[in-house]
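Undergrad: What follows is a single structure, and I will ask about it in a moment.
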Ligand code: MG
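Residue numbers (this note's numbering): 1 to 413.
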């Protein structure tokens, strides 16, 4: 893994000059509008639990005024939890727009994601995270995109400088979340899909399990591993389908393969179940994409029995109160003696990729072929041997994925 300081790789001089010049802008920066729209990401794929045929997500645009010129921050929630427009438009946005403009700004006069988060979460009771966490994830992404654009820094670079001592990963481990079921052509369909990912430069791949019998799934797993370098590069995902007995049964069958990881064997909040499963499954487990707050992650750490030397936590910032909350989660896991490198954010979107680079988590999921145009990364940056690199333009990089940028512009028209 290559590590570096982001200033070595971006136009550091101009960024630093801008950082020093915010005094002059202090009275001019103002959030003027928050627009939210629903987008479809319908897909014929299904996992062990749900079909994605009716899936939607919320897209957010924040407009700020900088010296008479509009600047836009874009965000969206991750796949799997449907659009949450009403929470954003009826609760969060009015609180931000009716707040005194200055309390939303940091000492440089730039919109401050933490202050904005506190404002839109006013009058929201603790607990009951669910759909509210998803709405917050979309809105918070737009705030961070806006803030990093105002500072004229890539988001990963802003994160590195402000929250990671200037360190970052020049290359990020990425793996496609795929490996779907192909009724009637199970083995060939799966192997063809995987060969496609390998041709695109991926090395670590993930496949679905739990949608057929154990016997069928083991044949699929072995067939998938045959087209790869080996099973140690293959992760499997049960999408929280199993009870403890079934999870153990799969564990016993898969354990000799020493898979990259065994993901979401159980209900995400069955912490005791996870603690029992690790007693009989020695290789890596992964879970967390369906936990929605730092409080749930704390419960997982306290009661889930996960092992800090091999297991993975996959909280999705765009489903779980955003990057602002994710920074608190990093603090939390480190307080519990875990390395942030055991975090590997779910979602396959550019926010998670920026986080993986700038905060040096263990990698990022990738969706090169599904949940389009919201899944996947910048158009022109290749994946090589399972790793990808980051962009050097301000913000999250949404404008560098042309189809996504175009889609958002159309939605906001
Ligand atoms: Mg998963």
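Ideal placement from N, C-alpha and C gives every residue a C-beta, glycine not left out.
Assign residue 237 to one of three DSSP states: helix, strand, or coil.
TA: Residue 237 sits at position 237 when you count from the first residue of the chain shown. In this structure, residue 237 counts as strand in the three-state DSSP scheme.
Undergrad: Does the region 352 to 360 come into contact with the region 189 to 203, if we say contact requires no fewer than three beta-carbon pairs (one atom in each stretch) closer than 8 Å?
TA: Contact between the region 352 to 360 and the region 189 to 203 is absent, because fewer than three Cβ pairs lie under 8 Å.
Undergrad: For residue 62, which three-state DSSP category applies?
TA: Sequence index remark: in the chain shown, residue 62 carries index 62 (1-based). In this structure, residue 62 counts as strand in the three-state DSSP scheme.
Undergrad: CB-CB under 7 Å to residue 49, same chain, minus the five flanking residues each way: which ones, in chain order?
TA: Indexing the chain shown from 1 puts residue 49 at position 49. The answer, listed in chain order, is 239, 240 and 241.
Undergrad: Between 110, 82 and 136, which lies nearest to residue 323 when the distance is taken from Cα to Cα?
TA: Along the chain shown, read from residue 1 onward, the residue named residue 323 stands at position 323. Residue 323 has its Cα closest to that of 136, out of 110, 82 and 136.
Undergrad: Would you say the beta carbon of residue 177 is closer than 8 Å to some non-hydrogen atom of the ligand MG?
TA: In the chain shown, the residue the question calls residue 177 occupies position 177. Yes.
Undergrad: Round the Cβ separation of residue 214 and residue 225 to the nearest angstrom and send it over; I've been treating them as touching at under 8 Å.
TA: On the chain shown, residue 214 is found 214 positions in, with the first residue counted as 1. On the chain shown, residue 225 is found 225 positions in, with the first residue counted as 1. Not confirmed; about 16 Å, so no contact.
Undergrad: Contact check, residue 327 vs residue 163 under 8 Å by CB: the rounded distance?
TA: Along the chain shown, one-based indexing puts residue 327 at 327. Along the chain shown, one-based indexing puts residue 163 at 163. That pair is a contact at about 6 Å.
Undergrad: Closer than 6 Å between the C-beta and any heavy atom of the ligand MG: which residues qualify, listed along the chain?
TA: Selection output, chain order preserved: 237, 239, 263, 264 and 289.
Undergrad: With distance defined between alpha-carbon atoms, name the residue in 91, 321 and 154 nearest to residue 391.
TA: In the chain shown, residue 391 corresponds to position 391, counting from 1. Closest option to residue 391, Cα to Cα, is 154.
Undergrad: Can you tell which of 396, 69, 346 and 406 has its C-alpha closest to the C-alpha of residue 174?
TA: In the chain shown, counting from the first residue as 1, residue 174 sits at position 174. For residue 174, the nearest C-alpha among the options comes from 346.
Undergrad: Quick one: which unbroken alpha helix (DSSP H) runs of 4-plus residues sit fully inside the region 241 to 270? Chain order, please.
TA: If we require 4 residues or more, the alpha helix (DSSP H) runs fully inside the region 241 to 270 come out as 244 to 254.
Undergrad: Within the same chain, show all residues whose beta-carbon is closer than 7 Å to that of residue 133, passing over the 5 residues directly before and after it, in chain order.
TA: By one-based count along the chain shown, residue 133 stands at place 133. Counting only Cβ-Cβ distances below 7 Å, and skipping sequence neighbours, we find 292, 293, 319, 320 and 321.
Undergrad: Three or more beta-carbon pairs under 8 Å between the region 303 to 318 and the region 277 to 284, yes or no?
TA: In short, these stretches touch, since the Cβ pair count reaches three.
Undergrad: Taking only the alpha-carbon atoms, compute the straight-line gap between residue 111 and residue 68 and give it to the nearest angstrom.
TA: Here residue 111 refers to the residue found at position 111 of the chain shown. Here residue 68 refers to the residue found at position 68 of the chain shown. Answer to the nearest angstrom: the Cα atoms are 16 Å apart.
Undergrad: If you draw a straight line from the C-alpha of residue 200 to the C-alpha of residue 169, how long is it?
TA: If you number the chain shown from 1, residue 200 lands on position 200. If you number the chain shown from 1, residue 169 lands on position 169. Residue 200 and residue 169: Cα-Cα distance of roughly 21 Å.
Undergrad: Grouping DSSP H, G and I as helix and E and B as strand, with all else coil, what is residue 8?
TA: The residue given as residue 8 occupies position 8 in the chain shown. Because residue 8 carries a pLDDT of 47, less than 50, the predicted location of this residue cannot be relied on, and no value is offered for it.
Undergrad: Compare the Cα-Cα distances from residue 101 to each of 271, 267, 370 and 30 and report the closest residue.
TA: The residue you call residue 101 lines up with position 101 of the chain shown. Checked all of 271, 267, 370 and 30; the closest Cα to residue 101 is 30.
Undergrad: Suppose you measure from the CA of residue 148 to the CA of residue 394; what does that come to, to the nearest Å?
TA: To locate residue 148, count along the chain shown from 1; it is residue 148. To locate residue 394, count along the chain shown from 1; it is residue 394. Distance between the alpha carbons of residue 148 and residue 394: 6 Å.
Undergrad: Taking its Cβ as the centre, do 16 or more other Cβ atoms sit within 10 Å of residue 264, making it buried, or is it exposed?
TA: Within the chain shown, the letter at position 264 stands for residue 264. By the neighbour-count rule (16 or more Cβ atoms within 10 Å), residue 264 is buried.
Undergrad: Across which residues does DSSP place residue 387 in a beta bridge pair?
TA: The residue labelled residue 387 in the question sits at position 387 within the chain shown. Answer is 173 and 384.
Undergrad: Out of 172, 203 and 207, which has the shortest C-alpha to C-alpha gap to residue 189?
TA: For the purposes of this step, residue 189 is taken as residue 189 along the chain shown, with counting starting at 1. That would be 207, whose Cα lies nearest to the Cα of residue 189.
Undergrad: To the nearest angstrom, how far is the alpha carbon of residue 349 from that of residue 184?
TA: Taking the first residue of the chain shown as position 1, residue 349 is located at position 349. Taking the first residue of the chain shown as position 1, residue 184 is located at position 184. For residue 349 and residue 184, the distance between alpha carbons rounds to 31 Å.
Undergrad: Grab the span of the alpha helix (DSSP H) containing residue 195 for me, first residue to last.
TA: As a working note, residue 195 is residue 195 in the chain shown. Unbroken alpha helix (DSSP H) run through residue 195: 186 to 199.
Undergrad: Near residue 83, which residues of its chain fall below 7 Å by C-beta distance, leaving aside the five closest residues on each side in sequence?
TA: Taking the first residue of the chain shown as position 1, residue 83 is located at position 83. So the qualifying residues of the chain are 38, 56, 57 and 58.
Undergrad: Does the region 137 to 146 come into contact with the region 327 to 344, if we say contact requires no fewer than three beta-carbon pairs (one atom in each stretch) closer than 8 Å?
TA: With the cut-off at 8 Å, the region 137 to 146 and the region 327 to 344 do not touch.
Undergrad: Helix or strand or just coil, what does DSSP make of residue 403?
TA: Taking the first residue of the chain shown as 1, we reach residue 403 at position 403. DSSP places residue 403 in helix when its eight states are reduced to three.
Undergrad: What does a CB cutoff of less than 7 Å around residue 160 pick up in its chain, not counting 5 residues either side in sequence?
TA: Translated into the one-based positions of the chain shown, residue 160 becomes position 160. The answer, listed in chain order, is 6, 166, 167, 168 and 358.
Undergrad: What are the residues that DSSP puts in a beta bridge with residue 36?
TA: In the chain shown, the residue the question calls residue 36 occupies position 36. Per DSSP, 60.
Undergrad: Kindly list the residues whose CB is nearer than 6 Å to the CB of residue 34, restricted to its own chain and excluding five residues on each side of it in sequence; keep chain order.
TA: As a working mapping, residue 34 is identified with position 34 in the chain shown. Excluding sequence neighbours, residue 34 sits near 62 and 93.
Undergrad: Determine the closest residue to residue 209 out of 259, 124 and 402, with distance taken between C-alpha atoms.
TA: The residue you call residue 209 lines up with position 209 of the chain shown. Taking only the C-alpha atoms, the option nearest residue 209 is 259.
Undergrad: Which residue's Cα is closest to the Cα of residue 97: 79, 117, 303 and 380?
TA: As a first step, residue 97 must be located in the chain shown, where it is residue number 97. With distances taken between Cα atoms, residue 97 lies closest to 117.
Undergrad: What's the gap between the Cα of residue 248 and the Cα of residue 255?
TA: Residue mapping note: residue 248 aligns to position 248 of the chain shown, counting from 1. Residue mapping note: residue 255 aligns to position 255 of the chain shown, counting from 1. Roughly 10 Å between the two C-alpha positions.
Undergrad: When DSSP labels each residue in this structure, what does residue 113 get in the three-state scheme?
TA: Start at 1 with the first residue of the chain shown, and residue 113 comes out as number 113. If DSSP states are grouped into helix, strand and coil, residue 113 belongs with the helices.
Undergrad: What three-state label does DSSP hand residue 393 in the structure shown?
TA: Residue numbering aside, residue 393 sits at position 393 when the chain shown is read from its first letter. In the structure shown, residue 393 sits in coil (DSSP, three-state: anything other than H, G, I, E or B).
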